[in-house]
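Only one structure is covered here, and it is reproduced in the block below.
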Amino acid sequence: MILVLILVVPMSGALFLGLWGHKRFASAVNILFSLVTFALTLLLAIRVDTQGPLIALDENLFVDSLSSLFLVITGGVAATTSFFSLRYMTIEGEHGHLTPERTRLYLALYQLFVLTMIVVLASNNLGLLWVALEGATLATVLLVGWTRTPAAIKASWKYFILCGVGIAQALFGTILLYFASEKTLGPGGTALLLTHLLTVKTQLEPTVISLAFVFFVVGYGTKVGLVPLHNWLPDAHAEGPTPISAVLSGLLLNVALYAILRVKILADGALHSPMPSDLLMGFGFVSVLLASISMWKRQDIKRLFAYSSIEHMGLATLAFGIGGPLATFAGLLHMTTHSLVKSAIFFAVGHIVQTSGSQKIPSIREIAARTPGLSRALLTGGLAITGLPPFALFASELLIMAEAIKRIPYAVPFLLLALFITFGVLIFRILEMSGGETATPEISPSRSHSRLTFFPIWIHLGMALLLGTFFPAPLYEIYQKAILSLGVSIGG
Amino acid sequence: MTPSLLHPPTSPLVGFLGSALLLSSFAMLAMRRMGSLVRIFALQGILLTLSTLSVALAAKEPHLFFSALFTLAFKVLLLPFLLFRLLERLHIRGEVEVLLNVPTTMVAGLFVVVFSFALSAPISEMANTVSRGLIGVGLAALLLSFLMMITRRKAVTQVLGFLGMENALFFSAINATYGMPMVVELGVAFDVLVGTFVFGIFFFQIRETFESFDLKHMDNTPTE
Numbered sequence: 001m002i003l004v005l006i007l008v009v010p011m012s013g014a015l016f017l018g019l020w021g022h023k024r025f026a027s028a029v030n031i032l033f034s035l036v037t038f039a040l041t042l043l044l045a046i047r048v049d050t051q052g053p054l055i056a057l058d059e060n061l062f063v064d065s066l067s068s069l070f071l072v073i074t075g076g077v078a079a080t081t082s083f084f085s086l087r088y089m090t091i092e093g094e095h096g097h098l099t100p101e102r103t104r105l106y107l108a109l110y111q112l113f114v115l116t117m118i119v120v121l122a123s124n125n126l127g128l129l130w131v132a133l134e135g136a137t138l139a140t141v142l143l144v145g146w147t148r149t150p151a152a153i154k155a156s157w158k159y160f161i162l163c164g165v166g167i168a169q170a171l172f173g174t175i176l177l178y179f180a181s182e183k184t185l186g187p188g189g190t191a192l193l194l195t196h197l198l199t200v201k202t203q204l205e206p207t208v209i210s211l212a213f214v215f216f217v218v219g220y221g222t223k224v225g226l227v228p229l230h231n232w233l234p235d236a237h238a239e240g241p242t243p244i245s246a247v248l249s250g251l252l253l254n255v256a257l258y259a260i261l262r263v264k265i266l267a268d269g270a271l272h273s274p275m276p277s278d279l280l281m282g283f284g285f286v287s288v289l290l291a292s293i294s295m296w297k298r299q300d301i302k303r304l305f306a307y308s309s310i311e312h313m314g315l316a317t318l319a320f321g322i323g324g325p326l327a328t329f330a331g332l333l334h335m336t337t338h339s340l341v342k343s344a345i346f347f348a349v350g351h352i353v354q355t356s357g358s359q360k361i362p363s364i365r366e367i368a369a370r371t372p373g374l375s376r377a378l379l380t381g382g383l384a385i386t387g388l389p390p391f392a393l394f395a396s397e398l399l400i401m402a403e404a405i406k407r408i409p410y411a412v413p414f415l416l417l418a419l420f421i422t423f424g425v426l427i428f429r430i431l432e433m434s435g436g437e438t439a440t441p442e443i444s445p446s447r448s449h450s451r452l453t454f455f456p457i458w459i460h461l462g463m464a465l466l467l468g469t470f471f472p473a474p475l476y477e478i479y480q481k482a483i484l485s486l487g488v489s490i491g492g
Numbered sequence: 001m002t003p004s005l006l007h008p009p010t011s012p013l014v015g016f017l018g019s020a021l022l023l024s025s026f027a028m029l030a031m032r033r034m035g036s037l038v039r040i041f042a043l044q045g046i047l048l049t050l051s052t053l054s055v056a057l058a059a060k061e062p063h064l065f066f067s068a069l070f071t072l073a074f075k076v077l078l079l080p081f082l083l084f085r086l087l088e089r090l091h092i093r094g095e096v097e098v099l100l101n102v103p104t105t106m107v108a109g110l111f112v113v114v115f116s117f118a119l120s121a122p123i124s125e126m127a128n129t130v131s132r133g134l135i136g137v138g139l140a141a142l143l144l145s146f147l148m149m150i151t152r153r154k155a156v157t158q159v160l161g162f163l164g165m166e167n168a169l170f171f172s173a174i175n176a177t178y179g180m181p182m183v184v185e186l187g188v189a190f191d192v193l194v195g196t197f198v199f200g201i202f203f204f205q206i207r208e209t210f211e212s213f214d215l216k217h218m219d220n221t222p223t224e
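As given, the protein sequences belong to chains E and L, one line each in that order.
Okay, so the first sequence: first residue is 1 according to the numbering used here, each after it adds one.
Okay, so the second sequence: first residue is 1 according to the numbering used here, each after it adds one.
What follows is the structure, encoded as structure tokens:
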């Protein structure tokens, strides 16, 4: 019941805002729908935690600890982003960048995007999972080109074509998987259901599954932004409106990686070879290295943080490739905290770009003097994202490195170097923007930012701090259950 | 060279239609005019419908008749109609502009076909459908459409490559497993339909902004 409700709420949100999204109260309604969705994800997670996995709608929906963990992250970040979006859009409106029609499109697509992500996470049918993930691209592609500038249209076209091609590979993977599973499960509906596939995973044909897994990783990996399939990501993040950058980075990448993880359980079961793990480790390693090098010369603040997202998704992918309970835990924790911190950074960046009138780093100066609150938020976010203690990314990166030393010792120096580079570049750029003496003449007067501006940022950073210092025991149990549903045994 | 040919389709008609479909993928690569490209796409839809029908008859799988009917309505009638209307309303008549000339693309295409057959040989080995020899054709058609997207400049051509990819995926699903579960097939078709509309919206935005469909104007837009 609650499982169906969780789909109905964003769906009716999209319908409502599609009809009345141009009204004055629409942004507030968007918040309301997002908050209800968030509350439902929390309730669902509690239900799953106490009563075990839930199945609904003719076995097409299935939620276990792993999916409920990601559902809560998705619901939570989508809700806080709707608060940020209200402030952001109000200021955009004051600058005269908005028409009621565009606001309506924006809000309706926002709810639709949340809906598609929830369907991906709650789907038991790997075919429907594909349909929903492609739906997420379709919902966001118009949002990325929403400002209609030449650069934005170019970015969204690139996003559409690259992700479209990528996801077609994943569909071929799905066909291959169905081909393999149909032999044991029989033709018809059940052969793509995750719950059924898990019971027969050791009987699936290894040759077919290994080919399918490669297609899955290439396909969904395009959406995760794994190097060398990442080309769309920096453009889409830089040119879309900032609330969309926040949810793309914080949520969509996670959801795509979740899809890979689900398939990896099956591949591990069928293959008895390290191929799936090696593939993930390879992609993860290359992503971390290339992203950190690419950050070096970036002059666009949103693009800079987009590359940081590639780096962090690479680290998480690497962690899941290494495998074992510790690395898997680190991977999940890394994804959780990255969502929280990166979206908080984008919230701050969004307002900084609005007050500076440019997203080019050389034209953003003296944030500390003009808007001290935003400067503090950006600096704290920067420290958290580069993995400094006491934030949780420190813990997860430390764990990943510790496990990497056991499995791939030769790669560790490169990884550490990459982390140092990103730390140096990010902190240097942030300090440069906070201070700096070459003030551009046409800086708009510092506007007083209300509590509403800061509350989503500090909630996120506070959560990252909490997870890094004092990890609540009940939460730890949920993570352990999630690790178990990833097919990793904890005892050994 | 191509071990999967050791398993010729039990029905000669199935094999013939499969080869014709592969030929139509090559034809899409060779076309130089926008209008003919859409016509070839419609022709590929017809071949896909007939091939689905022939597999349905040979294997006696009744639900494939629905798939065939659906393909006819969606890929032979609806999508080409939408595409032709789009070309008309946007006054696109011009030539297809290529990054790599047509003969070179064709040779590359040949290698793609050989590679696909080699890759799919072990899968055809395991399949027990009447059309198992054609799994390689599906993969080849997929990669040929992919090749078309890489080597063509104009936005419209890339869309046709995208739709060609979807055709190839559908064809592979039919030949490997007699089609995906109905709910998945409908979902995929829905995505493709929405995607085509989004493409349509895009065309208007691109023309408004760049006054051309040639992607090189977009490439010249500075991003950083």
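Heads up, the beta-carbon is just placed ideally off N, CA and C, and yes, glycines get one too.
Looking at the backbone, the Cα of Thr209(L) and that of Leu143(E) are separated by about 17 Å. Per DSSP, Asp235(E) has no beta bridge partner at all. Not a single C-beta of chain L is nearer than 8 Å to the C-beta of Arg47(E).
A buried status is given to Met117(E), since no fewer than 16 other beta-carbon atoms sit within 10 Å of its beta-carbon. For Thr177(L), the chain E residues whose C-beta falls within less than 9 Å of its own C-beta are Ile175, Tyr178, Phe179, Glu182, Pro187 and Ala191, listed in chain order. By the rule that beta-carbons nearer than 8 Å mark a contact, Gly187(L) touches chain E. Under the three-state reduction of DSSP output, Lys75(L) falls in the helix class. Relative to Ala191(E), the option among Glu59(E), Lys297(E), Leu40(E) and Pro413(E) whose CA is nearest is Glu59(E). Three or more Cβ pairs closer than 8 Å define a contact, and the stretch 107-122 of chain L meets that threshold against the stretch 130-142 of chain L.
Closer than 8 Å to the CB of Asn125(E) there is at least one CB belonging to chain L. Per the DSSP secondary-structure output, Ile55(E) pairs in a beta bridge with Phe62(E). Taking a 10 Å sphere around the C-beta of Trp296(E), we find fewer than 16 other C-beta atoms and assign the residue as exposed. Judged by their CB atoms, Ala139(E) and Phe113(E) are nearer to each other than the 8 Å cut-off. Straight-line spacing of the CA atoms in Leu115(E) and Pro12(L) works out to 46 Å. Contact note: Pro62(L) does not reach chain E at a C-beta cutoff of 7 Å; the least C-beta distance is about 12 Å. Collapsing the DSSP output to three states places Lys297(E) in coil.
Proximity to Glu61(L) across Gly35(L), Gly179(L), Pro122(L) and Leu22(L) peaks at Gly179(L), based on C-alpha coordinates. At least one CB atom of chain L sits nearer than 8 Å to the CB of Val165(E).
Spatial neighbours of Ser34(E) in its own chain (CB-CB distance under 6 Å, excluding positions within 5 residues in sequence) are listed in chain order as Ala78, Ala79 and Ser82.
DSSP places Arg429(E) within a helical segment (H, G or I) once states are collapsed to three.
Burial is judged here by how many other beta carbons sit within 10 angstroms of a residue's own beta carbon; Lys75(L) has at least 16 and is buried.
Residue contact check for Val130(L) against chain E: no CB pair falls below 8 Å. For Met34(L), the closest C-alpha among the options Val159(L), Phe197(L) and Asn175(L) is that of Val159(L). Excluding sequence positions up to five before and after Val29(E), its CB lies within less than 7 Å of the CB of Phe16 and Leu17, all in the same chain and listed in chain order. Membership of Glu101(E) in the alpha helix (DSSP H) is indicated by the continuous run Pro100 to Ala122.
Under DSSP, Arg303(E) forms no beta bridge with any residue. Look at the beta carbons and you see the stretch 317-325 of chain E touching the stretch 274-292 of chain E: at least three pairs across the two are nearer than 8 Å. The beta carbon of Phe455(E) sits closer than 8 Å to the beta carbons of Phe83 from its chain, once the five residues preceding and following it are set aside; these are given in chain order.
Put simply, the stretch 328-345 of chain E touches the stretch 477-490 of chain E. At least three CB pairs are less than 8 Å apart. The three-state secondary structure of Asn128(L), taken from DSSP, is coil. Membership of Ala20(L) in the alpha helix (DSSP H) is indicated by the continuous run Pro12 to Ala30.
One finds Met126 in chain L with Cβ atoms closer than 7 Å to the Cβ of Glu205(E), taken in chain order. For the pair Leu53(L) and Phe170(L), the CB atoms are not nearer than the 8 Å cut-off.
Boundaries of the alpha helix (DSSP H) around Val8(E): Ile2 to Trp20. About 6 Å separates the beta carbon of Asp235(E) from that of Lys158(E), a gap short enough to meet the 8 Å contact definition.
In this structure Thr469(E) is exposed. Its beta-carbon is surrounded by fewer than 16 other beta-carbon atoms within 10 angstroms.
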